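Remarks on the structure that follows.
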Amino acid sequence: PPINSILRQPPPPLPLMSSLTTRHVAVIGAGAAGLVAARELRREGHHVVVFERAEQVGGTWVYTPERESDPLGVDPKRRVVHSSLYDSLRTNLPRECMGVRDYPFERREGKERDPRRFPGHREVLMYLQDFAAHFGIGEVVRLQTEVVFAGLGEEGKWRVRSRPSNHNRMRSDDDDGDCVDEIYDALVVCNGHYVQPRIADNIPGITAWPGKQIHSHNYRTPEPFQDQVVVLIGGAASAVDISRDIATVAKEVHIADRSLNENAIGKLPGHDNMWLHSMIDNVHEDGRVVFHDGDAVGADIIVHCTGYKYDFPFLEANGEVNVDDNRVGPLYKHVFPPALAPWLSFVGLPWKVVPFPMFELQTKWIAGALSNRLPLPSKEEMTQDTEAFYSSLEASGTPKRYTHNMANYQWDYDNWIADQCGIPGVEEWRVEMYKFASKNKRLRPESYRDEWDDNELVLEAQRDFNKYLN
Ligand code: FAD
17 PPINSILRQP
27 PPPLPLMSSL
37 TTRHVAVIGA
47 GAAGLVAARE
57 LRREGHHVVV
67 FERAEQVGGT
77 WVYTPERESD
87 PLGVDPKRRV
97 VHSSLYDSLR
107 TNLPRECMGV
117 RDYPFERREG
127 KERDPRRFPG
137 HREVLMYLQD
147 FAAHFGIGEV
157 VRLQTEVVFA
167 GLGEEGKWRV
177 RSRPSNHNRM
187 RSDDDDGDCV
197 DEIYDALVVC
207 NGHYVQPRIA
217 DNIPGITAWP
227 GKQIHSHNYR
237 TPEPFQDQVV
247 VLIGGAASAV
257 DISRDIATVA
267 KEVHIADRSL
277 NENAIGKLPG
287 HDNMWLHSMI
297 DNVHEDGRVV
307 FHDGDAVGAD
317 IIVHCTGYKY
327 DFPFLEANGE
337 VNVDDNRVGP
347 LYKHVFPPAL
357 APWLSFVGLP
367 WKVVPFPMFE
377 LQTKWIAGAL
387 SNRLPLPSKE
397 EMTQDTEAFY
407 SSLEASGTPK
417 RYTHNMANYQ
427 WDYDNWIADQ
437 CGIPGVEEWR
447 VEMYKFASKN
457 KRLRPESYRD
467 EWDDNELVLE
477 AQRDFNKYLN
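In terms of the working numbering, the sequence shown is numbered consecutively and its last residue is 486.
Quick look at the structure:
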């Protein structure tokens, strides 16, 4: 029967969990999450295929000077560029804190290598390449292979349809000619979530405003902003970096930040061409941008550093998991849809986290659940837990789109998963180092990557790393 008629029917009963079992698992994406997933799944004895549409592993960390045909990233027909990196990007976490727990992100010798504690993006890519080589992951990665469809089929198995990636293919192209269908027991989704731009709510007057607009996803270098008056919307990490990068060549940079403390409005200390404002109120045909605080500037360009949307264009999960106002749900602990656990899982959805160690814990849990070594609660219990979590967000007035924001509890989350896996929780030094780095970033936003006071913690981390390096 045609694939769609199979897929629209309710899923048949899932295989019974009995003894430790090896599964055939498809991992979608060979960024950091997919690489770590592949390692953990193989350690557990599963058969793994990692699908990666790019020419190399590394995901976001594969920098490209290319921009999308629509700089705002809203045209559904645009050709999608995966990476959101800008050329000058250095990590915003110290490397010791950022690395995978048992594969430390140590300084490496070599003329290509970047020994800095907060290295440039190329060093992170090399670290991920080292990781993949060390654990022999290359042999299970299918490069230049895009998953165009993954859906539940007969007997609760997943049908994964892939095709060779075509660099020039538009997002809406639907040519099934060279597709291959395969069947897997389980699907682990690691497709990244810094690809589909979110744009600030409709700005009154924007359709008649004559300037240019770009989303930070398509920002690479400051040169195009030479002598321009730039308004940049956002207050998160990339807004901070990109505004400073642009200010090196622009005439003026005005940052519109809706979460800004009123006292901070005005000229940015230490800069002669940067100003902080409240959010944009409206814009005009004559080029003016008016802020809520009453200030106005005639601007040439608006840069939207307003974040991203989760997007799983290939996934057909019988409606058991959806994206609603940027909540991917229902998901038990941000990983498993209760109705399809453990056969469908998502790695890396939480944000405001230290990602690589979290990927490691999430994927150990997934691998163990798939082999029956780490039993999950019943579907009803997972559903209840998830509903209670969503109710607590609602009760505290947290919008749905902040569901995966872990600012206040990432360590509790990590430690909870570590407990499920029966392994030690997050290292004390890592927690402390993260606190230090966050505080340092607030105190020295211009120089936190080169000046710090936590050398004791660096030594402690290195003592810990010796366990893995010797
Ligand atoms: P990605 O790296 O995005 O990988 C997803 C992969 O899936 C890609 O290779 C993509 O090609 C592939 N893919 C997607 N769809 C398909 C498909 N249909 N078929 C086949 N393949 C597919 N983290 C830090 O730890 N430190 C930092 O300093 C830091 N800075 C950051 C700065 C920026 C600007 C951004 C955007 C992110 C930053 N991060 C940082 C977070 C970063 O996202 C994570 O470190 C990590 O790279 C995420 O890995 P991932 O595997 O989840 O996603």
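By construction, the Cβ of each residue, glycine as well, lies at the ideal position given by its N, Cα and C atoms.
Values in this document were obtained by computation on a predicted structure and should not be read as measured data.
Is residue i near ligand 1, going by C-beta to nearest heavy atom under 8 Å?
i: G167; result: no
i: T76; result: yes
i: I382; result: no
i: P371; result: yes
i: G251; result: no
i: E198; result: no
i: E462; result: no
i: S100; result: yes
i: N108; result: yes
i: H420; result: no
i: M114; result: yes
i: A477; result: no
i: T161; result: yes
i: F375; result: yes
i: A148; result: no
i: I44; result: yes
i: S178; result: yes
i: V140; result: yes
i: R133; result: no
i: L386; result: no
i: E84; result: no
i: A70; result: yes
i: N207; result: yes
i: V65; result: no
i: V164; result: yes
i: V256; result: no
i: L292; result: no
i: Y79; result: no
Can you tell me the Cβ-Cβ gap for residue i and residue j, rounded? I've got them flagged as a contact below 8 Å.
i: A357; j: L392; result: 5 Å
i: P354; j: M398; result: 4 Å
Buried or exposed, going by whether 16 or more other CB atoms sit within 10 Å of the CB of residue i?
i: P110; result: buried
i: P26; result: The predicted position of P26 is uncertain, since its pLDDT is 40 and thus under 50; a value taken from the coordinates is nonetheless stated next. P26 comes out exposed.
i: N471; result: exposed
i: T237; result: exposed
i: D261; result: buried
i: I382; result: buried
i: I199; result: exposed
i: A411; result: exposed
i: Y484; result: exposed
i: P346; result: buried
i: T76; result: buried
i: E128; result: exposed
i: R59; result: exposed
i: T107; result: buried
i: E171; result: exposed
i: T38; result: exposed
Below 9 Å between beta carbons: does that hold for residue i and residue j?
i: R214; j: T322; result: yes
i: V363; j: V344; result: no
i: S394; j: L203; result: no
i: L473; j: I433; result: no
i: V176; j: A312; result: no
i: C113; j: M374; result: no
i: C206; j: I439; result: no
i: V211; j: H98; result: yes
i: L168; j: N334; result: yes
i: L105; j: N234; result: no
i: H420; j: P366; result: yes
i: G208; j: A315; result: no
i: I153; j: A70; result: no
For residue i, which residues of its own chain have a beta-carbon under 7 Å away from its beta-carbon, when the five flanking residues on both sides are left out?
i: I222; result: V299
Go through its chain and collect everything with a Cβ distance to residue i's Cβ below 6 Å, but skip five positions before and after it.
i: R123; result: P131
i: I318; result: Q229 and V247
i: D273; result: G251
i: A46; result: V66, E68, V73 and V157
i: F121; result: R111, M114, G115 and Y143
i: Y464; result: N456 and K457
i: F481; result: P120
i: W468; result: N456
Taking 8 Å as the limit between beta carbons, can you name the residues of its chain near residue i, skipping five residues before and five after?
i: D341; result: P415, K416 and R417
i: P220; result: D297, N298 and V299
i: W174; result: A42, A166, G167, L168, I199, Y200, D201, A202, L203, W359 and L360
i: D197; result: I19, R175, V176 and R177
i: L284; result: I271, M290, W291 and L292
Please decide whether residue i counts as near chain B, where near means a Cβ-Cβ distance under 9 Å.
i: P213; result: The structure shown contains no chain B; it is built from a single protein chain.
Taking 8 Å as the line, does the beta carbon of residue i fall inside it for any heavy atom of ligand 3?
i: V73; result: Among the ligands present in this structure, namely ligand 1, ligand 3 is not found.
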